[in-house]
Amino acid sequence: LHCTRPLCLGRRRLSSDAHMRVRTPFRCSPHPCEYEIAFVSDVEGDLDYFNRWVAGSRCVAYTGSDEAALTLTHARAYFVYGGDVPDHGRGSEQLLRLLVGLKRAFPRRVALLVGNRDLNKLRLTSECAPSDLARPHWSIPAPHWDPSAPTLSQHLEQVAAARGGGATAASCDCAAERLRWMYENTLGCPATFEARRAELAALRSVGSATGDNGGGGGGGGGGGGGGGGGGGGPPPPPPP
Numbered sequence: 001l002h003c004t005r006p007l008c009l010g011r012r013r014l015s016s017d018a019h020m021r022v023r024t025p026f027r028c029s030p031h032p033c034e035y036e037i038a039f040v041s042d043v044e045g046d047l048d049y050f051n052r053w054v055a056g057s058r059c060v061a062y063t064g065s066d067e068a069a070l071t072l073t074h075a076r077a078y079f080v081y082g083g084d085v086p087d088h089g090r091g092s093e094q095l096l097r098l099l100v101g102l103k104r105a106f107p108r109r110v111a112l113l114v115g116n117r118d119l120n121k122l123r124l125t126s127e128c129a130p131s132d133l134a135r136p137h138w139s140i141p142a143p144h145w146d147p148s149a150p151t152l153s154q155h156l157e158q159v160a161a162a163r164g165g166g167a168t169a170a171s172c173d174c175a176a177e178r179l180r181w182m183y184e185n186t187l188g189c190p191a192t193f194e195a196r197r198a199e200l201a202a203l204r205s206v207g208s209a210t211g212d213n214g215g216g217g218g219g220g221g222g223g224g225g226g227g228g229g230g231g232g233g234p235p236p237p238p239p240p
């Protein structure tokens, strides 16, 4: 069992050993059934860390050298992901696809739990929707839980000042900047926008992962996303 602290299953207390076998007796059989459970949590987009974990796991493995899909290694292997897939690393989308693919392949032997970093991305499905992007930027308040956070208008004014050349808050208002503002000021993950930009650039082979909004867009991880927009033009559709 992969875990960072002891875990209690009913009356059985499991230590934090790398792997542990759990014997569960069934009345229908005179012999105990043996299961092996792998557990990992809070990867937060760090795909290199996850790959190292997979390399040491007896329950979970990649199906090929390209590391494009996961599988369970034997008939009594189970896997539990403890939550917090995206944010800090540059592998959030790839990790999501791997975990969902494993769940689809083994729906009854894989459990994907959600953490706060997964749940708080659900708002992106509405706030990055065309209907919400059509709201005037000045009508969107700052997060009530952080009095020091800027409003969207204040964020856009800062972006306009940095761009210069007569840029205004209205001309800088696009899906990418709204998403950047949400990540940096309302979701507690200020590095996620650039990490997602870099990941999407690598996945789509679009060249440099850096540059202004005209060169690329950041997407949302863990339940929805917004696309990148350029200048003050209309935002493109969100990435899949």
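Counting in the working numbering, the sequence shown runs from 1 upward without gaps.
All C-beta atoms in this analysis are idealised placements derived from N, C-alpha and C, irrespective of residue type, glycine included.
Note that the structure is a prediction, hence the values are computed from the model and not measured.
Inter-residue Cα distance where the pair is Gly115 and Asp42: Along the sequence shown, read from residue 1 onward, the residue named residue 115 stands at position 115. Along the sequence shown, read from residue 1 onward, the residue named residue 42 stands at position 42. Going from the Cα of Gly115 to the Cα of Asp42 covers about 8 Å.
Inside the stretch 41-69 only - alpha helix (DSSP H) runs reaching at least 4 residues: 47-55
Complete beta strand (DSSP E) runs within the stretch 106-151 (minimum length 3 residues, chain order): 110-112
Extent of the continuous alpha helix (DSSP H) run through Ala201: Taking the sequence shown and counting its residues from 1, one reaches residue 201 at position 201. From DSSP, the alpha helix (DSSP H) with Ala201 extends over Thr192 to Arg204.
Where Val159 falls, given that 16 or more other Cβ within 10 Å makes a residue buried: Reading the sequence shown from its first residue, position 159 is the one you call residue 159. Buried, since its Cβ has 16 or more Cβ neighbours within 10 Å.
Strand pairing of Ala77, partner residues [DSSP]: The sequence position of residue 77 within the sequence shown is 77, counting from 1. According to DSSP, Ala77 bridges with Glu36.
Cβ shell of Gly82 (< 6 Å), same chain only, five flanking positions each side left out: Mapped onto the sequence shown, residue 82 falls at position 82. Once the five neighbours on either side are set aside, the close Cβ partners of Gly82 are Ser41 and Leu113.
Distance between Leu200 and Phe193 (C-alpha atoms, nearest Å): The count along the sequence shown starts at 1 and reaches residue 193 at position 193. The count along the sequence shown starts at 1 and reaches residue 200 at position 200. Going from the Cα of Phe193 to the Cα of Leu200 covers about 11 Å.
Buried versus exposed, by CB contacts within 10 Å (16 or more), Trp145: Taking the first residue of the sequence shown as position 1, residue 145 is located at position 145. So Trp145 ends up on the exposed side.
Sheet register partners of Thr186 (DSSP bridge): Working through the sequence shown from its first residue, we reach residue 186 at position 186. Its beta-bridge partners do not exist; DSSP assigns none.
Beta-bridge pairing of Leu72 - partner residues as DSSP gives them: The count along the sequence shown starts at 1 and reaches residue 72 at position 72. Beta-bridge pairing links Leu72 to Val60.
The stretch 124-135 in contact with the stretch 85-102 per 3-pair CB rule at 8 Å: In short, these stretches do not touch, since the Cβ pair count stays below three.
Backbone CA spacing between Gly64 and Ile37 [nearest angstrom]: Taking the sequence shown and counting its residues from 1, the one referred to as residue 64 is at position 64. Taking the sequence shown and counting its residues from 1, the one referred to as residue 37 is at position 37. Those two C-alpha atoms are separated by around 22 Å.
Residue environment, Gly91, which counts as buried when at least 16 other CB atoms sit within 10 Å: Locating residue 91 in the sequence shown gives position 91, where the first residue counts as 1. By the 10 Å Cβ count, Gly91 comes out buried.
Contacts around Ala69, its chain only, beta-carbon distance under 6 Å, and the 5 residues preceding and following it disregarded: Here residue 69 refers to the residue found at position 69 of the sequence shown. Hits under 6 Å: Thr63 and Gly101.
When His88, Ala105 and Val85 are compared against Ala77, the one with the closest alpha-carbon: The residue you call residue 77 lines up with position 77 of the sequence shown. Shortest Cα-Cα distance from Ala77 to any of His88, Ala105 and Val85 involves Ala105.
8 Å contact criterion, which Glu157 and Ala169 should meet: CB distance rounded: Here the question's residue 157 lines up with position 157 in the sequence shown. Here the question's residue 169 lines up with position 169 in the sequence shown. The Cβ separation is near 5 Å, so the contact holds.
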